Amino acid sequence: MVNILKADLFRIGKDRIWIIVLAALLIVYTIPGLYTLKPMGGMSLYDQGLYMDLNEYVESRLPDYGVEYAYELTTEQYREIVFSFEGYKTDVDIICGVNFPLFEVIVVLEVLLVTRDFSVHSIKNTLSSPIRRKTYYFAKYAAIMLLSVSIVVVVNLMVWIANMIINGPERSLPFGTLIVITLLSLMPLTAYVSMIHAVAFLIRKSLPYSLVTIGTTLAWGNILLNILLILGGGSARVVNLIAYLPSMMYSAVTCTHAEDYVPYIYICIALCVTLTAVSLAGGYLFFKNREIK
Amino acid sequence: MKETIIRAQGLTRIYGRHRALDGVDITINRGDICGLIGRNGAGKTTMLKIFTGLSIPDEGSYELFGKTGEQERGRIGCLIDSPAFFGNLSAHDNLKYYCILKGITDLSKIDTALERVGLTNTGRKKYRNFSLGMKQRLGIALAILDEPELLILDEPINGLDPIGISDMRDLFIKLNEELGITIVISSHILSELYTLAGRFVFIEEGRILKDVSKEELDDECRVSINITCNDLSRAAAVLEEQCGIMDYKITDDRTIKVYDEVNENFLQDRLREEGIGVMSTVRKGISLEDYFKMLVGGKANG
């Protein structure tokens, strides 16, 4: 298993274009992400979820600035209002919001390490050497998990440091909280990697795999989520479980000590464990006796 | 008695309704060069894929080096179908990747393998820019990288030029004779297979039609030199006394068939030196291709 990891790292090291793509994605997810936060005057995709009552707070402060709508505020006025919101941290929104889109980067890793092996048929060489299918399946999983965890840790750290420099320590999470949030977010990450790893062994070709996984991730955010919310009748349980991603719940619990979220976190963890087990076992059983072309 | 390297019994592989392999029994002994002959879709690649772990049989079983399971697969080197490598890596880096993967620490084996297949001068050239022949050579280099005990080659000379074919033939013979590597090889180029293999397995529609040694095949094809001359009794005496030939047959009043492997010109010269009038010497007999056609019934290639 260690040999597969070493060989994959050697191969990725030779793949400069993909390293540049990954590095660019990591940078895009951090510094520009911070500058597009609403308090910075931008239109961020990320700052949602944890401070759900922030908009209400801004609305309540509008009369102080003699305006009727929030868009009439200047950037400086907006920053002044949100920064006066008790305990407002600018990095936690990015950290909890970035995890879901960041998962799409993991698809790139799966393409690099697994589906490419199927696409160029180099898997024949690997499996006809003494590499067992079980070893191959789980070594690739371990390699992708290792790289994914590294990416999440690096992004979270980069956001934290960048935010510390841009917005100051008073708007940054304590380092201990950052570690707790990062560790907790590894749970959905593991479930997600397990799922897309199993799907990689089902689809096996890079292009259709990328289209299906990235497409599903996007569709989940934009279409499926709304359908599930409608089907769930807008109940608080469904909203909390689906609309607010697990990492946001973790953030809410660790940052605001909101006990309301604790039961949902248990459900999330149970779901993640089940998904991980089912995906890994299903993917391996499918691959175990499959003909290699 | 030779050690059995591969022993398969009742190997069956079914794709949908098609039985690609249908109860195949085969034994390969150490030191053999076994040629698999069959048309496209006959089941050659399927059988080789099973031995290399790329396909799982639906029925039947097989042993590698006297053991079941995958533990002995490390003693095999193979090239199945077309070679497959990473396009963005050079020949050296592609082999290095597999060295790391297989835990081969002696990286000088890369240069040895590349030298054996004549790919030492490719430098940093990426695999995607290789010609078909170069790709094929790299595939063979990977197969022999770790000096395996058994080499499984599925149409390894496809895409090679005549010199490349000759080089690879010499390489396979050298690996077999000097390193004692057992070789199982399939090819559509029957004449090439004939010069290389010592044993031939004919496959058709997933079944083994015939499994013969080269001697048996020669005997069945009965290749002979047909000499037409004016004095058969004296010619027979010359063949026996001066050329040491005992395996011959006088077929009519002017023709004598020599079955021993001997140079035609040598025979002609000896007979003429004794004043025998030689009208013609013709090598005759059924070719491997004709023999194969005869076995499979001469059906159109699928």
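First to last, the sequence lines map onto chains A and B.
Residue 1244 in our numbering is what sits at position 200 of the first sequence, and the numbering runs on without skipping anything.
Residue 371 in our numbering is what sits at position 262 of the second sequence, and the numbering runs on without skipping anything.
Ideal placement from N, C-alpha and C gives every residue a C-beta, glycine not left out.
Predicted, not measured: the structure shown is a model, and the values here were computed from it.
Check: Chain B partners of H1165 (chain A), CB-CB under 7 Å?; Outcome: A193
Check: When the cut-off is 7 Å and only beta carbons count, does I189 (chain B) lie next to chain A?; Outcome: yes
Check: For K419 (chain B) and G307 (chain B), I'd like the C-alpha separation in whole angstroms.; Outcome: Since the displayed chain B opens at 110 and closes at 411, residue 419 (chain B) lies outside it and no answer follows.
Check: For K1168 (chain A) and Y207 (chain B), what's the separation of their Cα atoms in angstroms?; Outcome: 12 Å
Check: As a quick exercise: from A:K1050, A:S1295 and A:S1192, pick the residue whose alpha carbon is nearest that of E1148 (chain A).; Outcome: A:S1192
Check: Residues of chain A with CB under 8 Å from S412 (chain B), in chain order?; Outcome: Any property of residue 412 (chain B) remains undetermined from this structure, which presents chain B solely from 110 to 411.
Check: Cutting at 6 Å between CB atoms, please list the residues of its own chain near R139 (chain B), excluding the five before and the five after it.; Outcome: K111, E112, I114 and T291
Check: According to DSSP, simplified to helix, strand and coil, what is L1089 (chain A)?; Outcome: Because the pLDDT of L1089 (chain A) is 49, which lies under 50, any placement of that residue in the model is unreliable, and the number read from its coordinates should be weighed accordingly. Residue state, collapsed to three classes: coil.
Check: Tell me, which residues are paired with Y124 (chain B) by DSSP?; Outcome: B:H127
Check: What are the residues of the stretch 1045-1073 of chain A that lie near chain B, defined by any Cβ-Cβ distance shorter than 7 Å?; Outcome: N1047, I1048, K1050, A1051, F1054, R1055, K1058 and D1059
Check: If we call anything under 7 Å between Cβ atoms a contact, is S1166 (chain A) one with A193 (chain B)?; Outcome: yes
Check: Could you name the residues of the same chain whose beta carbon sits closer than 6 Å to that of A151 (chain B), not counting the 5 residues immediately before and after it, in chain order?; Outcome: I312 and E313
Check: With distance defined between alpha-carbon atoms, name the residue in B:I209, B:L228, B:S322 and B:Y236 nearest to K1164 (chain A).; Outcome: In the sequence as presented, Lys is not what sits at residue 1164 (chain A); that position holds Val. Nearest option by C-alpha distance: B:Y236.
Check: Checking contacts by CB at 7 Å: is L1171 (chain A) closer than that to chain B?; Outcome: yes
Check: With a threshold of 16 other CB atoms inside 10 Å of the CB of P1213 (chain A), please say whether the residue is buried or exposed.; Outcome: exposed
Check: Whole angstroms are fine: how far does the CA of E264 (chain B) sit from the CA of V310 (chain B)?; Outcome: 14 Å
Check: For C443 (chain B), which residues of its own chain have a beta-carbon under 6 Å away from its beta-carbon, when the five flanking residues on both sides are left out?; Outcome: Residue 443 (chain B) lies beyond the stretch modelled for chain B, which goes from 110 to 411, so this question has no answer here.
Check: Can you tell me the Cβ-Cβ gap for I185 (chain B) and L259 (chain B), rounded? I've got them flagged as a contact below 8 Å.; Outcome: 5 Å
Check: Which word fits L130 (chain B), buried or exposed, when buried means at least 16 other C-beta atoms lie within 10 angstroms of its C-beta?; Outcome: buried
Check: Let me make sure I understand the geometry here. Which of A:P1174, A:C1140, A:A1187 and A:Y1236 has the alpha-carbon closest to that of V1297 (chain A)?; Outcome: A:C1140
Check: For M1189 (chain A), does the three-state DSSP call read helix, strand or coil?; Outcome: helix
Check: Taking 8 Å as the limit between beta carbons, can you name the residues of its chain near R1215 (chain A), skipping five residues before and five after?; Outcome: F1127, Y1132, K1133, T1134, D1135 and N1207
Check: Indicate the three-state DSSP secondary structure (helix, strand or coil) for A1321 (chain A) in the structure shown.; Outcome: helix
Check: Use the C-beta contact count for T1159 (chain A): other C-beta atoms within 10 angstroms, 16 or more gives buried, fewer gives exposed.; Outcome: buried
Check: Quick one: which unbroken alpha helix (DSSP H) runs of 4-plus residues sit fully inside the stretch 1137-1224 of chain A? Chain order, please.; Outcome: 1160-1163, 1167-1172 and 1177-1211
Check: Answer yes or no: does any C-beta atom of chain B fall closer than 7 Å to that of K1168 (chain A)?; Outcome: yes
Check: Assign I1138 (chain A) to buried or exposed, taking buried as 16 or more other Cβ atoms, counted over all protein chains shown, within 10 Å of its Cβ.; Outcome: buried
Check: Should S342 (chain B) be labelled buried (16 or more other beta-carbon atoms within 10 Å of its own) or exposed?; Outcome: exposed
Check: Does the beta carbon of P1218 (chain A) come closer than 7 Å to any beta carbon on chain B?; Outcome: no
Check: Can you tell me whether DSSP reads V1046 (chain A) as helix, strand or coil?; Outcome: helix
Check: Could you name the residues of chain A that R182 (chain B) contacts, counting a contact when the two beta carbons are closer than 8 Å?; Outcome: S1172, S1173 and P1174
Check: Rounded to whole angstroms, what is the Cα-Cα separation between D190 (chain B) and I359 (chain B)?; Outcome: 48 Å
Check: How about A154 (chain B): is its C-beta nearer than 7 Å to some C-beta of chain A?; Outcome: First, the residue type needs correcting, since residue 154 (chain B) is Thr and not Ala in the sequence shown. By this cut-off, T154 (chain B) is not an interface position.
Check: Using a Cβ-Cβ cutoff of 9 Å, what residues of the stretch 357-380 of chain B are near chain A? List them in chain order.; Outcome: none
Check: CA-CA distance, T416 (chain B) and Y124 (chain B)?; Outcome: This structure gives no information on residue 416 (chain B), because the portion of chain B shown stretches from 110 to 411.
Check: Under a Cβ-count criterion, where at least 16 other Cβ atoms within 10 Å of its own Cβ denotes burial, should T1257 (chain A) be classed as buried or exposed?; Outcome: buried
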